[in-house]
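S.K.:
Residue numbers (this note's numbering): 818 to 1050.
1) Do you know how far the Cα of residue 824 is from the Cα of residue 873?
2) Leaving out five residues before and five after residue 987 in sequence, what residues of the same chain have Cβ atoms less than 6 Å from its Cβ?
3) Which residue wins for smallest C-alpha separation from residue 879, given the options 862, 840, 904 and 867?
4) Considering only residues of the region 935-986, which uninterrupted beta strand (DSSP E) runs meet the minimum length of 3 residues and lie entirely inside it, listed in chain order?
5) Report the three-state DSSP secondary structure of residue 887 (helix, strand or coil).
6) Which residue comes first and which comes last in the beta strand (DSSP E) that contains residue 1002?
7) Since residue 1015 is in the beta strand (DSSP E), which residue starts that stretch and which ends it?
8) Tell me the DSSP secondary structure of residue 1042 in three-state form.
9) Count the other CB atoms, across all protein chains shown, that sit within 10 Å of the CB of residue 952; report buried if there are 16 or more and exposed otherwise.
10) In this structure, does DSSP put residue 995 in helix, strand or coil?
11) Secondary structure at residue 990, three-state DSSP: helix, strand or coil?
12) For the alpha helix (DSSP H) containing residue 911, name the first residue and the last one.
13) Using only alpha-carbon positions, find the residue among 856, 851 and 847 that is nearest to residue 836.
14) So what does DSSP say about residue 1047, is it helix, strand or coil?
15) Would residue 964 and residue 891 be called neighbours here (beta carbons separated by less than 7 Å)?
16) Going by the CB atoms, is the gap between residue 1003 and residue 959 shorter than 7 Å?
17) Does the structure place the region 999-1014 close enough to the region 843-851 that three or more beta carbon pairs sit under 8 Å?
18) Tell me the DSSP bridge mates of residue 1031?
19) Suppose you measure from the CA of residue 1034 to the CA of residue 993; what does that come to, to the nearest Å?
20) Answer with buried or exposed for residue 955, where buried requires no fewer than 16 other C-beta atoms within 10 angstroms of its C-beta.
21) Closest by CA to residue 978, which one among 876, 860 and 902?
22) Could you round the C-beta distance between residue 834 and residue 860 to whole angstroms and report it? I think they count as a contact, below 8 Å.
23) Using alpha carbons as the reference points, say which of 1023, 989 and 999 lies closest to residue 1015.
24) Considering Cα atoms alone, identify which of 923, 866 and 883 is closest to residue 899.
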């Protein structure tokens, strides 16, 4: 469904991704693990068109994405929830959600709002509240809900648990799993490797811009290197 082939991405002279190849199949959750600076966020930004690779290609449903504008990538069915949430602080919850549907002209927006409220009842309670006054957990719910309003086939999630209390982390991951059960494919970047692998089908491990390990979530969870480096064992 989504394929990255031999991606080479630079920030100026800094070589951020080095021949990164991975695939995300239809209706999977694929976890992308690695320490800070490993290239995880760079990978998502390249998929969503915010960064251009010097070499390699990104394809989605058999069509190339390399060189395609970010808004067109959203229109094709890929939505990105960035690290740090990046909600519109001065807009209300409702206005933020509707911004997620800004490319759509179909009649399903109201139904998708109800879907978001079913996943995140707190957002319905906060519908007219200015988004910048929400708690961190509520802002993360809003960022995911906004992306879902684009009705994506693939959802890119960058560090959804960052800065959240453990009870909220569990809630967010339960919701991510439910979004996947409803049919959305997910590429998940997450520092909390244990939580990521608990809901993922497969995973890749990045180190200094290169894929060093890949496999099923179960196999990665049993790998001694992964357990030592990312699971604190």
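We treat Cβ as the ideally placed atom computed from N, Cα and C, and that holds for glycine.
M.R.: Quick answer:
1) Within the chain shown, the letter at position 56 stands for residue 873. Within the chain shown, the letter at position 7 stands for residue 824. Those two C-alpha atoms are separated by around 4 Å.
2) Taking the chain shown and counting its residues from 1, the one referred to as residue 987 is at position 170. Excluding residues within five positions, none has a Cβ falling inside 6 Å.
3) Against the chain shown, residue 879 aligns to sequence position 62. Of the candidates 862, 840, 904 and 867, the one whose C-alpha sits nearest the C-alpha of residue 879 is 840.
4) 971-975
5) One-based indexing of the chain shown puts residue 887 at position 70. Correct three-state label for residue 887: helix.
6) Locating residue 1002 in the chain shown gives position 185, counting from the first residue. Where residue 1002 is concerned, the enclosing beta strand (DSSP E) stretches over 1002-1006.
7) Numbered from 1 along the chain shown, position 198 holds the residue referred to as residue 1015. Careful: residue 1015 lies outside any beta strand (DSSP E), inside the alpha helix (DSSP H) at 1010-1016.
8) Taking the first residue of the chain shown as position 1, residue 1042 is located at position 225. Correct three-state label for residue 1042: helix.
9) For this step, residue 952 is matched to residue 135 along the chain shown. When all chains shown are included, residue 952 counts as exposed.
10) Residue 995 sits at position 178 when you count from the first residue of the chain shown. Correct three-state label for residue 995: helix.
11) By one-based count along the chain shown, residue 990 stands at place 173. If DSSP states are grouped into helix, strand and coil, residue 990 belongs with the helices.
12) For the purposes of this step, residue 911 is taken as the residue at position 94 of the chain shown. Run containing residue 911: 910-916, per the alpha helix (DSSP H) assignment.
13) To locate residue 836, count along the chain shown from 1; it is residue 19. Checked all of 856, 851 and 847; the closest Cα to residue 836 is 856.
14) Translated into positions along the chain shown, residue 1047 becomes position 230. Residue state, collapsed to three classes: helix.
15) The residue labelled residue 964 in the question sits at position 147 within the chain shown. The residue labelled residue 891 in the question sits at position 74 within the chain shown. In this structure, residue 891 does not lie closer than 7 Å to residue 964 by Cβ.
16) Start at 1 with the first residue of the chain shown, and residue 959 comes out as number 142. Start at 1 with the first residue of the chain shown, and residue 1003 comes out as number 186. The answer is no: Cβ separation not under 7 Å.
17) yes
18) Against the chain shown, residue 1031 aligns to sequence position 214. Bridge partners of residue 1031: 1021.
19) Mapped onto the chain shown, residue 1034 falls at position 217. Mapped onto the chain shown, residue 993 falls at position 176. Straight-line Cα distance between these residues: approximately 16 Å.
20) Looking up residue 955 in the chain shown gives position 138. Residue 955 is buried by the Cβ-count criterion.
21) One-based indexing of the chain shown puts residue 978 at position 161. Measuring from the Cα of residue 978, the nearest candidate turns out to be 902.
22) For the purposes of this step, residue 834 is taken as the residue at position 17 of the chain shown. For the purposes of this step, residue 860 is taken as the residue at position 43 of the chain shown. Yes, they are in contact, since the Cβ atoms of residue 834 and residue 860 sit about 7 Å apart, within 8 Å.
23) Sequence index remark: in the chain shown, residue 1015 carries index 198 (1-based). Taking only the C-alpha atoms, the option nearest residue 1015 is 989.
24) The residue given as residue 899 occupies position 82 in the chain shown. It is 866.
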